[in-house]
Structure formats: structure tokens, C-alpha cells
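This report refers to the structure that appears directly beneath it.
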Amino acid sequence: MKLDRRGFIQFSLGAGAGITLSPLPWKLTDDFSIWTQNWPWTPVPRTGEVTHVNTVSKHCGSGITLRKVGDRATKIEGRKGYPVNDGGISIQTAADLQLLYGPWRVPGPLRRVGKRGSGHWENISWEKAIGDVVQKLSDLRRKGKSHTVACILGSDRGTVPQLFSRFLKAYGSPNFIRTASCDDTYELAMSLMQGAAASVAYDLEHAKYILSFGCGLIEGWGSTVRVIKAHSIWRSGNLKERATLVQIEPRLSNTAAKADQWYPINPGTEGALALGLAHVIIKKSLYHTDFVENHTFGFEDWTDDSGRRHIGFKRLVLKKYSPNAVSRITGLSAKKIVRLATAFAKADRPIAVWGRGKGTTSGSLYECMAVHALNALVGNINKIGGVSTLPEVATETWPKVDQDHIARTGSGMPRIDGAGGSRYPFTRYLPERWPQIVNGHKACLIEALLVHEADPYYTTLDSAAVARAFDRIPFVVSFSTLMDETAYHADLILPNPHYLERWEDAPTPTGLQVPILGLVRPVVSPQFDTRHAGDVILTIAKRLGGVVGDAFPWEDYETVLKETIGDKWDTLEEAGYIEEADYTPPVWENAFATASGKFEFYITAFEQAGMKINKDLQCLPHYEPAQPEGNPATYPLILIPVELTRLANGAVGNPPFCMKTLEETELKKNDLFIEVNPKTAAKYRLSEGQDTMLETPRGKARVLVHLFEGIMPGVIAIPKGLGHTAYDDYLAGKGVNTNSLMGVTEDPISGLSATWGIRAKLTRV
Amino acid sequence: MDSALIPKGVKRCPFGLFLVWIGILQIPFLIGVIAYLVCWGLALNQTYLNNNYPFGLWIAADLGIIALGGGAFFTAFLRYIIKIDELKNIVNFATVIGVMCYAAALGILAVDIGQPLRGWHIFWHANVHSMLTEVAFCISCYFTVLLIEYLPLVLENREINKFGFPRSFAHHLHEAMPAIAAIGVFLSFFHQGSLGGVPSVLYGRPFAYREGFLVWPWTFFLFILSAMACGPCFTILITRITETFAKKQLVKRNVIDILAKISGWLLGGYLVLKIIDTISWGVSLAPSVGAPAGSFYANQPYGWWVLITEVGILGIIPCIILLSTRARQNQPLLILACLLNCAGIFMNRWIMSVQTLAVPVMSFDKFFSYHPNWAEWASTLMWVWLSAIVISISYRYLPIFPQEKELNPL
Amino acid sequence: MKEEHGHRPGKKTYKYGMVIDLDKCTGCGACMVACMAENNISFRKDETNKLVSNFWMRVYKITNGRSFPDTDVCYIPRPCMHCEGHGHHHHTPCVSVCPACATDYDHETGIVSQIYTRCFGCRYCMAACPYHARVFNWWDPSWPKGMEKYLSPDVSPRMRGVVEKCTFCHHRLQRARNKTYSEGRREIREDEYQTACTQACPAGAITFGDLKNPEHKVHKLVEEGKKKKIAFRLLEKLGTNPKVYYVSTKDWVQKAADVYLGEEGKPVTHA
Amino acid sequence: MSTTEEKEKTVAEGEQETAEHAAAPEQLEPVTWRFLIPIVLFGVGFVVSLFIGWVIFPKIIYCEKHQPIDFSHSVHQEAVDEGCESCHFFREDGSFSGIPKLENCAECHEEAMGENPEEAKLIEKYVEPGKEIPWLTYASQPDCVFFSHAAHIKMAELECAACHGRIGDSDHTRPYQCNILTGYSRDIWGWNIAGMGKNAWDWMKMDDSARMKMDRPARMKMDDCGDCHEKRGTSNACFVCHK
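Those protein sequence lines, which keep their order, are chains A, B, C and D.
All residue numbers in the first sequence are consecutive under my numbering, ending with 765.
All residue numbers in the second sequence are consecutive under my numbering, ending with 1410.
All residue numbers in the third sequence are consecutive under my numbering, ending with 2271.
All residue numbers in the fourth sequence are consecutive under my numbering, ending with 3243.
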């Protein structure tokens, strides 16, 4: 026995010695070490050949360079030398690959099964999907209800939107709707005051004194990168050379923070301030005499052919908008108003810019005109560092549509949003108005709705009304690339490829003074079973046949694009863009296509359009207090929706990376923060991070309080872009959609939404 | 039924009762085990640690425990090197306590690091400039030393001692003990100091940063001293607790008194230096980085009270008690002093690790408060329960208290 | 200590650094996203707790602490400072403390590295860094289905339980080296090595290059900024000796750079 | 216990033991072989474990795979004129293409050029269906490693064979061995299971020409890179080889 024990010990000693002298323990240790350093569940990205391809971002019209490894896109970078952004990139575009590869893509044609909005879909073939649409549309057309078909798009510029509007024309419906933006008002203002049929363009790069009426220049007004680059120009050179940025806004936004002077004024009184400044400028006769005397109409009082006296802009302003009067409205001291006006008028290359926030809301026409009048006073129209109309690179025009009877009658019918009618003859689209009208009628006004590159279900004011309106539309088709709210509540989704997977033209970005045509081209192989919206429209038209089919002589979208660009195509395809750098806006002599042939302070077009004008006032830029909805007694505070640079609030949801960059004072778990001035907070016994119920006449929501000295007492700010219900829980269910708290305040003259805020109350919960 | 294992001539509670007692200790212990598994399995997001507080309860506890465990090396030092013979009556127990403290320290580190399986990189790819490396090496070495010191006690168990080999081995170990103790003492002096260095080399953290002597910041020496000051108190404390549970006296009061007295003197010395250190920091170092000392105590819960409590209530008061013979003789007061002293050390270690990180350094840094969550508490306290179990078993089966027979004749 | 590595006489060395113009920075956040996209940085459904979320480049929003309407806000982008650690013991704060040599200061480039497979997550380096430039992987990084497709092979994805930080896009330096070497050059041109954030910044507020090279923009900007007294570094007084400079004409911002109590004894605060 | 006791014990045990071995009559000179027992036992244990450690263990820790196609480098070497770089070329950006893609092969092998069955396999299994060949990369490093061929070939002007051995002259693809624990190619650890020997540290001392004679590649662990960098006075900062 004992021997065995000893024997065993001796044996194991030997074994031990042997093992130690063998590689086993040492190698195992090493392998174990390696094993603990590379866990199998940590992804190892595949390597491959690196290539760079150029295209254009659909978000901000910036040129981008895609870095590819093999067939995978691994990074989006700003394209060096591209006229809009020269290497810079906007935060949303930088994160776009997350949308390209993300689980929020619509994988292929989907047909709704079960209740609408229940999120139950069946995959169907493109054949079937398009079949459904054609079926529906041909039925309607046969029944003579073609005018009950509507399209909602994010833009009306470029070939694809043009295909949609052409389709409606040939099919027989007037209802092409563009989602809201400051362009709505600007196009109107420009056409009325300058007789131009385009939106505005600002030569920000050369401006030296920028007076911004609530423009979120830094937040992403117009083309994000381009404006930020302009800002850097203002900040370059020695302190004397630097340009001055003045921000007028009740809240310390990014733009206000970057501004040299920030003048917080009562929200919604921008128009009054503009006129107040005009008063000072005129009174001190600091205005550009040459321009005002020779190239404007309605500055001085005048008599019309019938001998009736009309008051001019000068008298109106001098009479009604003295610094003291304006000071009472805006809350800005008369002294400051005078100082500001003088600085602005005396500055070399001053410019007054308008368009609240990122310019995603329309706003009051008179306010816009009042601000534009300032530009006229300093005579910077069509000048370097001044204002001009948005120029486009000329492209081939398409053959005229020859409509048949149905088409003619159909497109002759009144629009469902009431735009262009007797009441609002100059307004082209009323994107915020159609839901009320649809809800207001017993009859079903929209039988079929096609939505492309827009998310009206999410972005339209007064979400409750919008939801109801959608419920009353029997057939909703979405062309969305991503599963956004509208797609989620559609009956059929015909997914468009992501812009990195498709061809398209990118016209001059909003607000740019140089004509630029960018080329969006497929740089990634299609990730899903998608089809280009342009091709889908062509197919639908052809399948409908008749005049509708004849209106589309091209066999596919690429042909449309090539033929539209025409002989410029080769240059465009080769360079990726066309820039007419030497373009200069027309000189004053032939700049204005108004009745008077001049810049009109007094709008003559109204009477010509047969609008009932009982007072001169209606034809002149003036201030009409737009009281926010709600009773001050029950709703003591004023809620203003604000737009954040890092939070996309348009048709495309915020990608995860951008969500990650939100401050901890903007979002906490699933609750958003509203900004409240400590004084206001003290009044309502609210503390930082307080759980609060925010209530407006239109709705209520649970929010958290963030005490911020940068917001005017009595005013509270809520960020736009949250409260998504579709997409994915990287975005959905976080915060509230401001549109669910807001109503529509109609601008009396344009019918557009002039909503800038709403009354609200806060109660602790 | 386990009477055969129980040392000759001493009385122990019935085996059943003993089992119940161990059983009770098992419950919190197992909760701790669960906490460990959770942290290892689901990663450290299961704690309240974050990027502002990379160190939390765990590191603070580590520093504290090692200081308390200092009793082992210091008693050994007095017993074997200074040759204070009475201390042989408590040195065994001090060793047992030391073993558990160091086991806990290592065990806690094992859950604190993000990739425990790579923990050995600290030895394999050691960076000699890092205080942590120094600590890791010394702790693990000293832990082995403690085990060696503990081993003879185990071998002296009645049953084991029957075998020839263990007996002789234990015998030889006893002879070697002074040498071993010497090594242990050397190691301890070092790592107790290095622990002081851990926060104080962080010159990005002006609250903890200290200049010093050669490569060692002043806190290096403060930590050694404080460990020597509180170690004995902790030994006394545990001894008295054991006595309470054992319902009998195990160590003669004079032995305890010696420890208490020494501890008192050291604590006094420590406090003097600590106060000098704090003042010099307050008048020179803090202002030199542009921040008045006050700004470091501007955020609750880390206000001035922290400093007052640490130095005053938990420092000076126990010091006075321990130094005055009459107060020291008064048992309740002695216990109180020991309690305060140990608490003081723990607080000091928490301040040096956690408050150091709590104090915002960049002017626009937000202050965030930190408190440990259940997983951190459970996993840390687990070692208390485990220690209780080990001590109970050791006390029951091993001849730890030489004076027990004499004090409690059967 | 790895610090001494590459510290060889007679070898051309660089000192890469950054100048960030806070007058130009608009706080748009493009740098943060560009950085995340470039460096395979993970993200989770809820990223609102900034204490556990993973930023290499973080833009701080700070206010001057004055009340309405005198409030002012400034944005401070904060990459890793790649401290030279002058003054005290000539050690980069975080490098000297790492017990496993998982991070080092490359004397040839001035870049502080971080080796994820060596790091075992003791977080001592995070405690050492006063800029919060180092972040810990509290979770195992994971990407929604399909999204691994955009991961770049140039940056190794991290695992749970390790520390990571801005590397000045070191892989871009490697890329540049590849190019120069294959063209038989040794010198890397200024434009060949630029970080992702520098490239992305729409404001052109970030300038990157070799601080030692008088030809490089960064060098000029620093000189000029020092002359005008508008250039500064964060926590200058600690002697960490960062290689990221800031430029601002705003007085309160310059003050905020150091441990300082602002107007009315109120500290400038994180808005 | 004293040592004398020990001896007595041993003897006692010895006797007892022989008693059990009843078949032994010559009890007179018992000591002659008994002292061998411990040595023998020790030896047995020693040998057995050596065998396990050196022979069996390597078989277990590495599994063997074969390349999809038995490729002959030597044949191709003759066919091309730019040596290795004809197929393993540098891209414009200085990055290294590594193992050729199918398209490279297809350039010549659109149709069969000879009767070789392997070529036939290539064409009908990969070229025709246009399926990439799943080559097993002998020298692939962990993801945390950054290796620049440009730096080593273009700048340091090392021969391919300096690290890859004479693979260029091989007529057949050798079996690929994969570590079951780490999943890495055996070439990383080196073919000497002890991680030593000719292919490991020796190769550092060899001049390039000698190194090129090696039929098997050199060991490719971090230390090897480190040594070579040290030797050539190249930086050994972490980020030189890590990403």
C-alpha cells in the first residue's frame, strides 16, 4: 500500500518534470492569453481594396466622398473642392451609413395587412405592388375622380418631383403639395415685391453685417455646411476685418451664441422690429437713395390713375413704427433699436435674413416682406453680399403634356388645400391647411395619396388632425426608403433606393446665390429590393396608358435624367456637378418683373388679382400681431418649438450617432427637456430635471425641465425632431413630437401657417 | 461529534449550533457570490461605476482592507523583530485576520477589472513605473507569506498533527517564522506605501496629488503610518468580537493594552503628519493649480465636514482615548476608540480614491455624485462573511489563542 | 516602460497636435459623428447617460454663468490631449500609471496609444486623466443587424471591459506612411495625415499637423495665437502639457480653460 | 520527525513489499535492484509526460486543413515576370493586395490552359460560378495587429521570403494548421512546437540570403517583430504594429 503512495508520488514527480520540460504548459498559457484577447463575438471587419467615389448628399446638397472597402461603404466624408461644402460635412450626412445599412430600411414592396398603423405587412412583388396602384388610379380616373388624387413631396425642384407633378397634370389632378418651408413665404414675397418666381438667395459669404431675424443660420438654415462655412469667413481675418452677426431671437440658440450681438425680443414681433429699424433708417435718411428713389415703387405716397391717393411705405413706417412704439411691442429698448438700425444701415454690405429656425416653417408674409424691405432700403438687392433670387442651372424643358378631357377638367378643379384659389391667388401650396379641409368635409376629398421624400404624418402641424385626415384617405402610398411615420400608416410602400444607391439630380441648395447642379449617383450596390421612384412613376403612367402614358415618352428614369440635363450631361457625369461660378444676378434696371417694373414696397399685384383691398395697409409691409393660440389666463406661458443642429426634424429621422450627440440637458432616457428660465421656474416652483406636465390647447405631454439662463422669462422652448413613433427604438418613443402640441395659425393674406408658438402651462407631476 | 478535531483542553459550542451559525453566514455570502457572477457575466454595467468614477467602493475597500490587514504585519513586526514577547498571544489571530484581509483585497480586484481573465497581464507585462504594479506584486507576495504564517496553525490541528511529517514541518516553520515575518514586514511596508502612491501620483488630480521624497509622494509614508496605527486596533476589535461570540476571554488584557498603546502613539504621529500634509497642500499645491482649497470641498457630499470628521472625530478622539491609560483601560471606551480609528482609516481611503475623482478638475466639469449599487456592496461584504466563516472554523479547530486554556480552565 | 521606445537620436520625429478655433466652432457635432464613424465606436439605444457613453471626441457646451440676457454659450470640442506630460515627472499622466504597458507615448509622433488587447480594464488611466478623454467599455459593443457592414478594418473593434480613447486617427498616419513608403518617400506631407474630425468640421475650426514644423498651419496658428494672447490649453497649470491648443477671443472662455471660479464667484458651468 | 526514523521506515516497507512479491527466494541480496524502483517510476512518468507534451499535445492543439486548390507557386513563378508582386501586388495607395482575388486568376485561367486537374477544379468550381476561392491564409495576424507590407518591402527592402520562407518555390500548398484554441494559423506561433529553434529566434541572426533558404516561414509573434525592429533600430512604439 504505502509503496503505492510513494510510487505515485515518484511517478507524478517524474510526470511533473516531464511536462515542465515539454511545450505544453508554456504554449497553453500563451494560447490562453491570445484567446482572452480576441473574443469570437467581437466583430472583425473584412479588409479589401479601398476606393473613393463621389456623389451628392440629399440632406444638405453637399458633395460627399464615400470611402469603400471592397463593396462595403465604410465612411462618408465631405467632398474636397465641391462648391457647396468644400470638404466639410453636416452631422446628419456623416451618419448616413447608419440609415443605409440600418434595420429601419424598407426591405421591399410592402402591402398592409390588418389595421392601418398596426405595423403588419406582407411582402409582395413589384408587379403586384404597382398593379395595385394602377388599378386604384385607373378606377378613380374612370369614375371622373382623378382630382381626388394628391401627391405630397418634400420639394418641387429637380426631375423626380417634376415627374410627379407632370404625372398629376397628365392624370388630371391639381393636388401637388410641397411640405412646409420658409420658401413658401419667400417665393410669395419675391414674386409680389420683385415679380420673381423663385425663392431667395443670400450672398452670405460676402456679407459684412448679417442681421438675422430668428434664422437658425448655424442650426442648419438652407444648406447647413455652406452657412457654417460662411460663418467661418465672418470669423476670419483680424478683428477689424471680421463681419458682424446680429441675432434677433428670444432664445440663446447656437446662432445667437455665435453672434456678436444677441437681441432677445418677444417671440413673433420680428416684423415690428424690422419696421422699427426701417423707421430709424428712413428718419435718419440712411437708406440707399439711388435704389429707393429709382428702383422702388410705393416708398413715397402716390396717386393712382383713378386719382386715388395711396400712402407709401415711408409714411406708414414713420407714422406707426417709432422706436418707442416698437420697443413696447418687442420689449427691446428704443435706444438699442436706434443703435441697431444705424449700425445696420451704415455697415458696408449689410444683409437682413429671414426664416425662422432651419426654415422648415412658412411664417407670416408681412413679416417676411418687412425684413426684405430692409434689404431694399440698404439697396443690397442683387448686389455682392446681398439678396437675390435662387438661381438654377438651366436644363432642357420637357415636351408639353397634351391633356385629354379628364386631365383638363381634373387639373382644373380647385386644390384640396385651397391654394391658388380666389382667396389665396398667389399661394402655391398650403401644406399645413389640407388636413383641416379634409376633416371638415363629409365627402372624401382625397381618394388616393402618394407621398415621396416627405413625412407629412410626422412633420405636419397638429398631429391629431393629421392622423384623422389620414384615416379619411382610403388609399395611401409611400415611396419612402425608410420606415417613417407616413410609410408606417400607408397601405402600400414602394421603397425608393437610398440616395447612395440611385441616380438623381440635386438642384441649387436653398439660399445659395450661385447656380449649382449636383449629380446624385449610385455608389453602393442596392442593399434591398428597392426601385427608383422615377421608374415607378413611369411604369404606373405607362400602365395607365392613354394620354397619361403618352406624357412619359422615356423608357426609364436614367433617360429622363440624361435628356433633361441634355448636352451638359457629360460634364455633369464627369465632374459630379455643374457650377456657374460667373453667374451674376440681373442689374436693377431689369431685375424686377413687377407691374411697376420696380421693387414694390406697395404690392400692386393684389388688386390686379382682383383681391378685395380696402386699405393701403394691406399692400404694404406692416406688422399684424399674430397672437399665439390659447387663453393667457389658463395658459400663462408661451411655448416655442426650437430646432437643434444635432437633431434632424425633417422628413428623415435622426440617425443613432446623432441621437448620441444630444446633450444630457436635451434628452434623458425617453424624456426630453424643455428650456425654462430660472425666473419662470421659480414662479412655478420648478427645479432642474423636474418631471412636468406641459399642456397646450392642442395637447399635453410629460417633459423634464432644464433651467437655462439663455431663454426669455415667460417663454419655454421645446426641441423639434423627437417623438417619433416609427423607425426603430434607437429613435422611436423618445420625447414628444412638437407638432402634437401645436396648432395652425393662418396668415391672413397668404393662408400659410404663421405658427411660431402656442400658449402653454406647466404643472408639476 | 467533531470533538476529535477540537484542540485539547478547551471548550467549544455544540457542533449543531456551530453548523447553524455557519449556515447563517452562508446566506449573505451566497448573495455576494451572485453579485460576482452578475458582474463577470454581464460586465461592469451592472455597477454604478462610470467614466467619471472609474474607481468606486471596490478600490476604496481594497485600500481600506489592506490598511486594516496591516495589523498582521505590524504585530508580527513587534513580535518577531522588536521582540515584544507578550504579543505571541495575539500574533496568531492577527495572522488569521491578515490572511482574510489580503484574500479579500485580491478577490475584490478580480471583479473590479474589466477583463479578469487578462488580470495576469499586470505581472506578465508589468510596467515598473506604475504604482499599481508595485501594489499587485507586493500584495500577492505578502499574501503568500501570510499563508505560510497561517499554515503552521493549520498543521497544529490535533488530527493533522498526529502525522509525523506535518508536525515536523510545522515545527520547522515556527523556527523560520522570524525570517518569514521579516520578509512580510518588508513587503508590507512597501505596498502599504505604494497604495498611498496610487492616488498621489495622479498629477492630473490636484486633490490627491502630492510631491514627496524621491519617487515617493508624502502619502506613501502617511499610508504606512496609518496602516500601522489602525491595524492593531482592528486586531483588537476582531479579538473582542470573537470573545463576545465565544462568551469567554481569549487574550489577556495587558496584551491588548500594549497594542492599544502603540496604536495610540502611531495614530498621534500619523495625525500630526496628516495635518501638516493637508495644510501644506492647502496653502501651496492647491492654489498653484489655480484653485483655492475650498473649491475642492465645494460639492456635497464632499464638503468640509469630510475633512473634519476624518481628522477630528475619527482621528484625534480615538488618539486621545488610546493614549490616556485610564481611558484605554475602560473597555467600552477602548472598543469605541478602535471603532473610530478603523472607520477613520476607511474614510481616509475612500476620500483618497473616490473623492479624488469626484472633485471636478476642468472648470466646466459637472459634479456627479456616486454611490455603490447592490452588486458592489454585496460583492465587497461577501468577504466579511467569508472571513467570519474562516475565523469561526479556525477558532474552533486550531490553537489560535495560547492563553485560552489558562484563562478558561475547564 | 514603453515610453522610451522610438526615442532614438538622429531620427526625424514629429509632434502631432491640434489647434481648435472656438470662435469658429459652432457646436454642430459633425466632429463627434465623424469620429464615431471613423473609429468603429459603438452606440446603444439609450445614450443619454453621458457618464457611461463612449465618446473619443466630445463637444462640451459651457456657459458663462451670467443671467438672461447676459448669458453666453461656448462650445469646446475635446479630443484626447495626447499630453507630453512635461513638468512633473516627464510622464504622460495616463501612460505612467498603466500597470500593463497597454498605453505608451510615441516619441516619434507624440501620439498616446491604447492597446485594447493588452488592457485588462483596471481604469487607473481614467483616474489619471483630468480631461475625461478616456472611456471604458461598460458593455460589449454590438451593432444592429446589417450595420457591421460599415465597420472599418483600419480600426480594431473593442471588446467589453477595456479602456479606449482618441488616437488622433493613428490609422490614417499608417495609411499615409504606406503611401509615402510606396512612393519611396519618408516625409509625410501635411495634407496626407489629417484626423477625421479635422476633415469633417464644416467650420474648418480644427487644424491638425506637426507642431514642431514651422511650415505647418498648426505651428503658425499657435505662434500667432500666443502673440495675440488668444491661444491656450486646457488645465495648463497642471503641467500635463497637452498637444491640443484652443483659440478664442472671448475672455471668459480663456479663463474657463483652467481650474477657475468665474464671474460673481460662480464657476462657469456645463450648460 | 528525524531522518533515522525515515530510513527504518523505508526498509520496513521494503521488506513488506518483497514479502508480497513471494516469488523472490534470493532475499539475501535484496538491495541490489530495489533502489531502482523510484528511479524507474520517476523515469516512466517523465517519459510518458514528455511524449504527451511533445507528440500528442501538438496533434490536439492544431487541427489540419487543406487549401481548396493545390496551388504551385513554382509553376506560376516561371510564368510571370515580376516575381511575387505579379500576383501579390501593391495597390496605388500603398496598401498590399495580399492573396489574389478570383479575377486575378481568371485573367489567365478564363479557360483551362492545361490538363492539370487542380486547374480544372479552379475553373469549374470557382471561375465559372464566379465564386471567390476560400484560400486559407497562413500568415494572417489577429485583428489587433497592423502590418504594413509597404514599410517592410518598399522601405526596409526585405525579401518576401524573409518572413514567408521559400513558399514562392513550392510546388504544392502545404497543409494549413489552425490552433483550436485561438483559431490562428500555426505559422504565427512557428512550426517548432516549443516556439523555439531554427525558425524562431535563430532567423533573426541570419542574413536575408540565409533566411531565404528556409522552406517554412519564420515565427510571426509580437516578440519577433519587436526583435527585428530593435535590431534594425525601428520604433517599437505600440501603435507601430497595433491598431
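Yeah, the Cβ is synthetic: ideal placement off N, Cα and C, and Gly gets one too.
Just so we're clear, the structure is a prediction, and the values are computed from it rather than from any experiment.
At the level of alpha carbons, what is the spacing between residue 622 of chain A and residue 414 of chain A? Roughly 30 Å separates the two Cα atoms.
Please classify residue 1403 of chain B: does DSSP put it in a helix, a strand, or coil? Note: residue 1403 of chain B maps to coil in three-state DSSP.
Strictly below 7 Å CB to CB, what residues from chain A border residue 3038 of chain D? Under the 7 Å cutoff, chain A gives 10.
Which two residues bound the contiguous alpha helix (DSSP H) that contains residue 691 of chain A? Taken as a continuous stretch (DSSP letters only), residue 691 of chain A belongs to no alpha helix (DSSP H), being part of the beta strand (DSSP E) at 691-696.
Candidates B:1083, B:1018, B:1293 and B:1393, of which the one nearest residue 1153 of chain B by Cα: With respect to the C-alpha of residue 1153 of chain B, the residue from B:1083, B:1018, B:1293 and B:1393 having the closest C-alpha is B:1393.
Between the CA atoms of residue 3042 of chain D and residue 8 of chain A - distance to the nearest angstrom: Straight-line Cα distance between these residues: approximately 9 Å.
Through-space distance from residue 311 of chain A to residue 302 of chain A, alpha-carbon basis: C-alpha separation (whole angstroms): 7 Å.
Does the CB of residue 2253 of chain C have a neighbour CB from chain A at under 9 Å? No, residue 2253 of chain C does not count as interfacial toward chain A.
Residue 2184 of chain C touches chain D at which residues, Cβ-Cβ below 8 Å? Those are 3154, listed as they occur along chain D.
What is the rounded straight-line gap between the Cα of residue 446 of chain A and the Cα of residue 189 of chain A? Approximately 30 Å between the Cα atoms of the pair.
What does the Cβ neighbour count give for residue 759 of chain A, buried or exposed, with the cut at 16 atoms within 10 Å? With 16 or more other Cβ atoms inside 10 Å of its own Cβ, residue 759 of chain A counts as buried.
State the start and end residues of the unbroken beta strand (DSSP E) segment that holds residue 2074 of chain C. For residue 2074 of chain C, the enclosing beta strand (DSSP E) covers residues 2073-2078.
Can you pull the chain C residues whose beta carbon is under 7 Å from the beta carbon of residue 3095 of chain D, in chain order? Neighbourhood of residue 3095 of chain D in chain C, by CB distance below 7 Å: 2178, in chain order.
For residue 71 of chain A, the nearest candidate out of A:244, A:408 and A:523 (CA to CA): It is A:523 whose Cα lies nearest to the Cα of residue 71 of chain A.
For a test of the three-state rule: what should DSSP assign to residue 2203 of chain C, helix, strand or coil? Looking at residue 2203 of chain C - three-state DSSP - the assignment turns out to be coil, as it is neither helix nor strand.
Flag this pair as yes or no: are the beta carbons of residue 73 of chain A and residue 655 of chain A separated by less than 9 Å? The answer is no: Cβ separation not under 9 Å.
Return the chain-ordered list of same chain residues with a C-beta closer than 8 Å to the C-beta of residue 630 of chain A, the five sequence neighbours on each side being excluded. Within the same chain, residue 630 of chain A has close Cβ partners 696, 697, 758, 759 and 760.
Any Cβ of chain A within less than 9 Å of the Cβ of residue 3136 of chain D? Chain A, which has no Cβ nearer than 9 Å to the Cβ of residue 3136 of chain D, makes this no.
Chain A contact for residue 3184 of chain D (CB, 9 Å cutoff): Under the 9 Å criterion on CB atoms, residue 3184 of chain D is classed as interfacial with respect to chain A.
Does any CB atom of chain C fall closer than 9 Å to the CB of residue 3142 of chain D? Chain C contact via Cβ: present.
For residue 1131 of chain B, three-class secondary structure by DSSP: Of the three classes helix, strand and coil, the one that applies to residue 1131 of chain B here is helix, per DSSP.
Name the residue from D:3165, D:3106, D:3137 and D:3047 whose alpha carbon lies nearest to the alpha carbon of residue 3067 of chain D. Check the Cα spacing between residue 3067 of chain D and each of D:3165, D:3106, D:3137 and D:3047: the tightest is with D:3137.
Quick one: any contact between the segment 414-425 of chain A and the segment 114-131 of chain A, if contact means 3 or more CB pairs under 8 Å? Cβ pair count under 8 Å is below three, so no.
Give the list of continuous beta strand (DSSP E) stretches no shorter than 3 residues that lie fully inside the segment 115-157 of chain A. Complete beta strand (DSSP E) runs here, min 3: 121-123 and 149-153.
Please specify which runs of the alpha helix (DSSP H), each continuous and at least 4 residues long, are wholly inside the segment 477-547 of chain A, giving them in chain order. Runs found: 485-488 and 533-544.
Out of B:1155, B:1158 and B:1040, which one is the CA nearest neighbour of residue 1117 of chain B? Taking the Cα of residue 1117 of chain B as reference, the smallest distance to any Cα among B:1155, B:1158 and B:1040 is reached at B:1040.
DSSP beta-bridge partners of residue 310 of chain A: Beta-bridge annotation (DSSP): residue 310 of chain A is paired with A:302.
Test item: CB-CB of residue 3143 of chain D and residue 38 of chain A under 9 Å: In terms of Cβ geometry, residue 3143 of chain D and residue 38 of chain A form a close pair [threshold 9 Å].
Neighbour-count burial assignment, residue 2256 of chain C, 16 or more Cβ in a 10 Å radius: So residue 2256 of chain C counts as buried.
Spatial neighbours of residue 3004 of chain D within its chain, please: CB distance less than 7 Å, with the 5 preceding and 5 following residues excluded, ordered by chain position. Note that residue 3004 of chain D scores 43 on pLDDT, short of 50, meaning its location in the model is unreliable; the coordinates nonetheless yield the value given after this. Excluding residues within five positions, none has a Cβ falling inside 7 Å.
Is any beta-carbon of chain B found at less than 9 Å from that of residue 2238 of chain C? Closer than 9 Å: yes.
Compute the beta-carbon to beta-carbon distance between residue 492 of chain A and residue 111 of chain A, rounded to the nearest angstrom, for a pair I have assumed lies under 8 Å. Confirmed, Cβ separation roughly 6 Å.
Touch check for the segment 1329-1342 of chain B and the segment 1360-1367 of chain B: three-plus C-beta pairs under 8 Å? In the pairwise beta carbon analysis, the segment 1329-1342 of chain B is classified as not touching the segment 1360-1367 of chain B: fewer than three pairs are separated by under 8 Å.
Candidates B:1212, B:1136, B:1271 and B:1217: which alpha carbon is nearest residue 1191 of chain B's? Residue B:1136 is the option with its Cα nearest to residue 1191 of chain B.
Residue range of the beta strand (DSSP E) that includes residue 3063 of chain D: 3062-3065 is the span of the beta strand (DSSP E), which, as asked, contains residue 3063 of chain D.
Supposed close pair residue 1379 of chain B, residue 1111 of chain B - CB separation, criterion 8 Å: Cβ-Cβ separation between residue 1379 of chain B and residue 1111 of chain B: approximately 6 Å, consistent with a contact (criterion under 8 Å).
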